[in-house]
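Beneath this line is the structure, given in structure tokens, with notes to follow.
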Amino acid sequence: MKIFVLADADTVLVYALAGLKGQVVTSATEVPAILDGLTSESAGLVLITETLAQNNRDAVEKMMLDPGSPLIVAIPDINGPLPKTVANTERLVSLMRR
Numbered sequence: 001m002k003i004f005v006l007a008d009a010d011t012v013l014v015y016a017l018a019g020l021k022g023q024v025v026t027s028a029t030e031v032p033a034i035l036d037g038l039t040s041e042s043a044g045l046v047l048i049t050e051t052l053a054q055n056n057r058d059a060v061e062k063m064m065l066d067p068g069s070p071l072i073v074a075i076p077d078i079n080g081p082l083p084k085t086v087a088n089t090e091r092l093v094s095l096m097r098r
């Protein structure tokens, strides 16, 4: 499975050292265009920092609900996890209830 990382420069570097490809995002406004360009063939799993995911909730949820899209998982950035975030499983359950 191909894994793709969307994050700040430091976080992308950490994952690149582990052999994962990624793209540095300098502005949250870049994320929707990047997500639209990803397919399940180019990436089966997208790791996106919690901050970017939170600032682009509509684009992330749109991709999560599309059956042909890669799976998206929010990860902490280099500074650590955000306080009081909802677990990924809780978010998926709430999306399924809609």
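1 is the number of the first residue of the sequence shown in my numbering; add one for each residue after it. Note that beta-carbon positions come from the ideal geometry of N, C-alpha and C, so glycine has one too.
Cα-Cα separation, residue 94 to residue 61: On the sequence shown, position 94 is the one that residue 94 refers to. On the sequence shown, position 61 is the one that residue 61 refers to. Residue 94 and residue 61 have their C-alpha atoms roughly 11 Å apart.
Local Cβ density within 10 Å of residue 7, reported as buried at 16 or more and exposed below that: On the sequence shown, residue 7 is found 7 positions in, with the first residue counted as 1. Counting Cβ neighbours within 10 Å, residue 7 comes out buried, since at least 16 surround it.
Reduced DSSP secondary structure (H/G/I, E/B, other) of residue 43: Taking the sequence shown and counting its residues from 1, the one referred to as residue 43 is at position 43. Correct three-state label for residue 43: coil.
Beta strand (DSSP E) segment containing residue 62, residue limits: As a position in the sequence shown, residue 62 is number 62, starting the count at 1. Looking at the DSSP string, residue 62 is not in any beta strand (DSSP E); the run it does join, the alpha helix (DSSP H), is 57-65.
First and last residue of the uninterrupted beta strand (DSSP E) at residue 5: Stepping through the sequence shown from its first residue, residue 5 is reached at position 5. Counting along the chain, residue 5 sits inside the beta strand (DSSP E) bounded by residues 3-7.
4-residue-minimum alpha helix (DSSP H) runs that sit fully inside the region 7-35, ordered along the chain: Segments of the alpha helix (DSSP H) lying fully in the region 7-35: 9-17.
Pairwise C-alpha distance: residue 4 and residue 23: Here residue 23 refers to the residue found at position 23 of the sequence shown. Here residue 4 refers to the residue found at position 4 of the sequence shown. A straight line joining the alpha-carbon of residue 23 with that of residue 4 spans about 8 Å.
Simplified DSSP assignment, three categories, for residue 82: Taking the sequence shown and counting its residues from 1, the one referred to as residue 82 is at position 82. Residue 82 falls in the coil class under three-state DSSP.
Bridge partner(s) assigned by DSSP for residue 73: Translated into positions along the sequence shown, residue 73 becomes position 73. Under the DSSP definition of a beta bridge, residue 73 partners with 47.
Selected residue, minimal CA-CA separation from residue 14, among 72, 47 and 70: Start at 1 with the first residue of the sequence shown, and residue 14 comes out as number 14. Closest option to residue 14, Cα to Cα, is 47.
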